[in-house]
C-alpha cells in the first residue's frame, strides 16, 4: 500500500514537474515573445520616436551628403577654375575695376601660335 | 574662305575673306593689292617720288595740291593729332630723320636684346607743340598748307589707314560677311559667327604669345619701344617720339596693343600709350579714346588691360 502510494506521489510529482516545466517554458516563451514584441514595439517606438533623430541622422547624412555636395561644389569650383584657365578669363573684366593687372609670373607665355598674331611694331 | 598674301609697305600682308564676297567681274585680290600699293606710293617718306616726299620737299606756307586719298589721310592724321593734344604728331618726320631713321627700318642697324633704357634729355626750355595751324587743309580744292618747318611722317598711321580702306572695300562695297586684314600684326577683323583667334606677341620673344583673344570685330594695332630700335651716333634710338617734345618716349611701358573701331586710330592710341606711364594710361584712354580697349606690358613684365577689352572680344586667355 505504501509502495502504491509512493508510485502515485512520484507519478503526480512527475506530472506536476513536467507541467511546471511546460508552464515555465510557456511563460518564458510568452515572456520572451512579449519581450520580443516589446522589443519590436520598442524598436517600432524607437523607429517612431527616432524618426526625428534618425531623420536627423538621415538629415545629417544628407547634410553630410550636402557636405559631399560641397565637395562636389568644390570640385565644380575646381572645374570652374580649370574652366577659367582653359576657356579664358574675360569675367575678370566684369567687375568694378576699370583696369585689370596681371603681375609678371601670373601668366605663361606660350609658343603655340594663334591663327593671327600681333607683331611688335 | 579666300586668302591672298603679298608684300607691301615693307611688311607681309594677309587678307582672308568669306566666300560670299561679291566682286562681279573684278578680281577682289587685285583691288586689295592696289589699295596697299597706292597708299605706299602715296604716303611713304622713303620713296622720293611719293606724294608725301614731294610735299615734304616743298616750302613752308604754300598751298600744295594733293590727291583725294592723300587729303583724307592727312585729315585723319591731323584730327588724331589734335585729339591727342599732339602727343601723336605727324610733324616728327624731320626729327626721326635726324635721329637716323632716314630709310626703311630693315636697312637700319637694328638693336635687339635686353631692355636698354633710352636716356631722355630734359630741358626746361622745351616747348610743347600745340600749333593747331601747323597744317591747314582746304577741302574745297584739296590743297594743304604746312605752316611748320618739319617733314611729315605717316608711317604707322598710313598702314592702319590702308587696312581701314581695304576693310570698307571688302565689307561695305563687296559685302564680305567676314574677313581678316593683317598688315604685319596691325589688323582689322570682322566675323559675326565665329570669332578670330588673335595672339598678342611677347614684347621681346618673337615666337611667344602672352594673351590670346577671340575677336568678332575690331581694329587692332600694336606699338613697341623695344623692336624698332637702332643705333645712331653710338646711341640707341627708337621710333616712338613724343609729338609734344619731339623726344623719344620715356615710359615704363614697353608695348601696347589697342582695340578700336579703326586700325588707324588704334595705331595712334597704341603709340601714345607708349609715351605715358602705366598709371596714367587708364585715365588718359578714358578721356581721349573712350570705348577703346588696351593691353599693355610694362618694363617689369606686368600686363594691364582695361575693361573695354571685353567689348571687342568673346573670350581671352593668358
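Residue numbers (the numbering used here), protein chains in the order written: chain A, 1 to 121; chain B, 122 to 439.
From the three backbone atoms N, C-alpha and C, an ideal C-beta is built for every residue, glycine too.
Model, not experiment: these values are computed from the prediction.
So with CB distances below 9 Å, who are the chain A contacts of residue i?
i: residue 328 of chain B; result: 111, 113
i: residue 378 of chain B; result: 118
i: residue 301 of chain B; result: 115, 116
i: residue 318 of chain B; result: 114, 115, 116
i: residue 161 of chain B; result: Residues of chain A passing the Cβ test: none, with the nearest at roughly 16 Å.
Can you tell me which of the three DSSP states residue i falls into?
i: residue 439 of chain B; result: coil
i: residue 332 of chain B; result: strand
i: residue 134 of chain B; result: strand
i: residue 269 of chain B; result: coil
i: residue 346 of chain B; result: coil
i: residue 191 of chain B; result: helix
i: residue 186 of chain B; result: strand
i: residue 144 of chain B; result: coil
i: residue 101 of chain A; result: strand
i: residue 313 of chain B; result: coil
i: residue 71 of chain B; result: Because residue 71 of chain B is not part of the residues shown, which for chain B are 122 to 439, the question remains open.
i: residue 33 of chain A; result: Legend: pLDDT at residue 33 of chain A = 39, less than 50; position of this residue unreliable, no value from coordinates given.
i: residue 318 of chain B; result: strand
i: residue 353 of chain B; result: strand
i: residue 299 of chain B; result: strand
i: residue 293 of chain B; result: helix
i: residue 277 of chain B; result: helix
i: residue 202 of chain B; result: helix
i: residue 223 of chain B; result: coil
i: residue 93 of chain A; result: helix
i: residue 258 of chain B; result: strand
i: residue 116 of chain A; result: strand
i: residue 381 of chain B; result: strand
Using a cut-off of 7 Å between C-beta atoms, extract the partners of residue i located in chain A.
i: residue 307 of chain B; result: 121
i: residue 348 of chain B; result: 120, 121
i: residue 284 of chain B; result: The premise fails here: residue 284 of chain B is roughly 12 Å from chain A at the closest Cβ pair, so nothing lies under 7 Å.
i: residue 344 of chain B; result: 121
i: residue 355 of chain B; result: Neighbours of residue 355 of chain B on chain A: none; closest Cβ ~24 Å, over 7 Å.
i: residue 333 of chain B; result: 114
i: residue 341 of chain B; result: 118
Quick check: is any heavy atom of the ligand GTP less than 8 Å from the C-beta of residue i?
i: residue 126 of chain B; result: Here there are no bound small molecules, and the ligand GTP is not part of this structure.
So which residues of chain A does residue i contact, with C-beta pairs closer than 8 Å?
i: residue 323 of chain B; result: 109
i: residue 364 of chain B; result: Under the 8 Å cutoff, chain A gives no residues; its nearest Cβ is about 18 Å from residue 364 of chain B.
i: residue 403 of chain B; result: 98, 99
With distances taken Cα to Cα, identify the nearest neighbour of residue i among the options.
i: residue 142 of chain B; options: B/411, B/327, B/294; result: B/294
i: residue 299 of chain B; options: B/316, B/407, B/171, B/396; result: B/316
i: residue 340 of chain B; options: B/278, B/171, B/408; result: B/278
i: residue 381 of chain B; options: B/397, B/432, B/202; result: B/432
i: residue 198 of chain B; options: B/385, B/187, B/285; result: B/385
i: residue 205 of chain B; options: B/182, B/250, B/421; result: B/250
i: residue 184 of chain B; options: B/329, B/260, B/361, B/213; result: B/260
i: residue 269 of chain B; options: B/212, B/424, B/292; result: B/212
i: residue 366 of chain B; options: B/210, B/181, B/163; result: B/210
i: residue 139 of chain B; options: B/297, B/147, B/398; result: B/297
i: residue 216 of chain B; options: B/182, B/189, B/358, B/161; result: B/358
i: residue 320 of chain B; options: B/312, B/311, B/343, B/314; result: B/343
i: residue 121 of chain A; options: B/166, B/323, B/264, B/368; result: B/323
i: residue 137 of chain B; options: B/147, B/153, B/422, B/129; result: B/153
i: residue 119 of chain A; options: B/345, B/126, B/401; result: B/345
For this session: Specify whether the region 323–338 of chain B and the region 191–198 of chain B touch according to this definition: at least 3 beta carbon pairs, one from each stretch, less than 8 Å apart.
Result: no
Problem set entry | the region 414–426 of chain B touching the region 370–378 of chain B, judged by at least three CB pairs closer than 8 Å | yes
Exercise. Is it a yes or a no for the region 301–321 of chain B touching the region 126–142 of chain B, going by three-plus beta-carbon pairs under 8 Å?
Worked result: Flag = yes, the region 301–321 of chain B and the region 126–142 of chain B touch.
Exercise. Counting pairs of beta carbons, one from the region 379–391 of chain B and one from the region 245–260 of chain B, are three or more of them closer than 8 Å?
Worked result: no
Problem set entry | Contained beta strand (DSSP E) runs [length at least 3] in the region 401–433 of chain B, N- to C-terminal order | 414–419, 424–427
Exercise. Taking the runs of the beta strand (DSSP E) that are 3 residues or longer, which of them lie wholly in the region 151–175 of chain B?
Worked result: Entirely contained in the region 151–175 of chain B, not one beta strand (DSSP E) run reaches 3 residues.
Exercise. Given a limit of 7 Å on CB to CB distance, which residues of the region 412–434 of chain B reach chain C?
Worked result: Considering every chain present, this structure includes no chain C. Its protein chains are A and B.
Exercise. Just checking, does the region 171–183 of chain B make contact with the region 266–283 of chain B on the three C-beta pairs under 8 Å criterion?
Worked result: yes
Problem set entry | Meets three-Cβ-pair contact criterion under 8 Å: the region 279–294 of chain B and the region 202–221 of chain B | no
For this session: Could you tell me whether the region 317–332 of chain B touches the region 103–115 of chain A, using the rule of 3 or more Cβ pairs below 8 Å?
Result: Segment contact: the region 317–332 of chain B against the region 103–115 of chain A, three or more CB-CB distances shorter than 8 Å; contact assigned.
Exercise. Would you say the region 214–227 of chain B touches the region 342–356 of chain B, given that touching needs at least three Cβ pairs under 8 Å?
Worked result: yes
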